[in-house]
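Okay, so here's the structure we're looking at.
Residue numbers (the numbering used here): 6 to 160.
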């Protein structure tokens with residue numbers, strides 16, 4: 006059994022704006038994270054609504070591998086995912102429920118990198134994060150997510 010944690014939280018007020026690192030954020034079922042572009046319907050892909058736009062996660066291990074294997078030093082917030090985790094096999098959580106502190110999420114689908122992300126960062130990010138770009142999830146139970154919260158799969 007794995008044991009994971011939230012190591013950073015990032016929101017962006019609107020499309021193409023830099024993310025802002027916060028110590029905690031309110032997660033609202035059916036909406037997303039307070040203060041984030043998708044909960045406010047100002048994200049790049051807000052014209053494609055759905056539960057997979059509520060919250061995104063990425064493993065810090067994927068960001069570290071990007072630097073090690075491809076020489077790309079991407080800062081956690083530059084990945085444009087809301088939650089950066091450590092010790093969590095995110096790809097295995099598609100279709101499963103899991104908790105971040107008191108918040109319950111359901112993995113919807115992988116969050117593959119796209120040309121938009123590469124355009125906001127640097128060439129090679131798309132290739133370097135393929136199948137390691139994170140997870141799109143739906144918020145099932147509201148609450149506050151904090152840096153340091155434990156992440157666990159629901160049994």
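Ideal Cβ positions, reconstructed from N, Cα and C, are used throughout, including at glycine.
Alpha carbon to alpha carbon, how far is residue i from residue j?
{"i": "residue 44", "j": "residue 115", "result": "19 Å"}
{"i": "residue 40", "j": "residue 143", "result": "17 Å"}
{"i": "residue 120", "j": "residue 95", "result": "22 Å"}
{"i": "residue 108", "j": "residue 98", "result": "15 Å"}
{"i": "residue 35", "j": "residue 104", "result": "16 Å"}
{"i": "residue 163", "j": "residue 42", "result": "Here the chain comprises residues numbered 6 to 160, so residue 163 is not present and cannot be evaluated."}
{"i": "residue 32", "j": "residue 140", "result": "16 Å"}
{"i": "residue 13", "j": "residue 64", "result": "10 Å"}
{"i": "residue 27", "j": "residue 46", "result": "20 Å"}
{"i": "residue 69", "j": "residue 58", "result": "25 Å"}
{"i": "residue 62", "j": "residue 151", "result": "14 Å"}
{"i": "residue 138", "j": "residue 117", "result": "5 Å"}
With residue i and residue j assumed to form a contact (beta carbons below 8 Å), what rounded beta-carbon distance in angstroms separates them?
{"i": "residue 106", "j": "residue 147", "result": "That belief does not hold up - the Cβ atoms of residue 106 and residue 147 are roughly 12 Å apart, past 8 Å."}
Tell me the residue span of the beta strand (DSSP E) that contains residue i.
{"i": "residue 151", "result": "148 to 151"}
{"i": "residue 115", "result": "108 to 115"}
{"i": "residue 2", "result": "Residue 2 cannot be examined here, being either before or after the span of the chain that is shown, 6 to 160."}
{"i": "residue 10", "result": "9 to 16"}
{"i": "residue 91", "result": "88 to 91"}
{"i": "residue 4", "result": "Coverage of the chain is limited to positions 6 through 160, which leaves residue 4 absent and any answer about it impossible."}
{"i": "residue 155", "result": "155 to 158"}
{"i": "residue 105", "result": "102 to 105"}
Among residues of its own chain, excluding the 5 on either side of residue i, which ones have a beta-carbon nearer than 8 Å to its beta-carbon?
{"i": "residue 24", "result": "15, 16, 17, 82, 83 and 85"}
{"i": "residue 74", "result": "133"}
{"i": "residue 101", "result": "111, 112, 158 and 159"}
{"i": "residue 149", "result": "29, 30, 31, 32, 106, 107 and 108"}
For the alpha helix (DSSP H) that contains residue i, what are its first and last residues?
{"i": "residue 66", "result": "65 to 75"}
Note down, in chain order, each residue of its chain lying with its Cβ closer than 7 Å to the Cβ of residue i, except the 5 sequence neighbours on either side.
{"i": "residue 56", "result": "113 and 143"}
{"i": "residue 60", "result": "32, 37, 38, 87, 88, 110, 142 and 144"}
{"i": "residue 7", "result": "92, 93 and 94"}
Got a sec: does the ligand FAD put a non-hydrogen atom nearer than 6 Å to the Cβ of residue i?
{"i": "residue 60", "result": "This structure lacks the ligand FAD, and indeed carries no ligand of any kind."}
Using 8 Å as the Cβ pair cut-off and three pairs as the minimum, do the region 131 to 143 and the region 70 to 90 touch? yes
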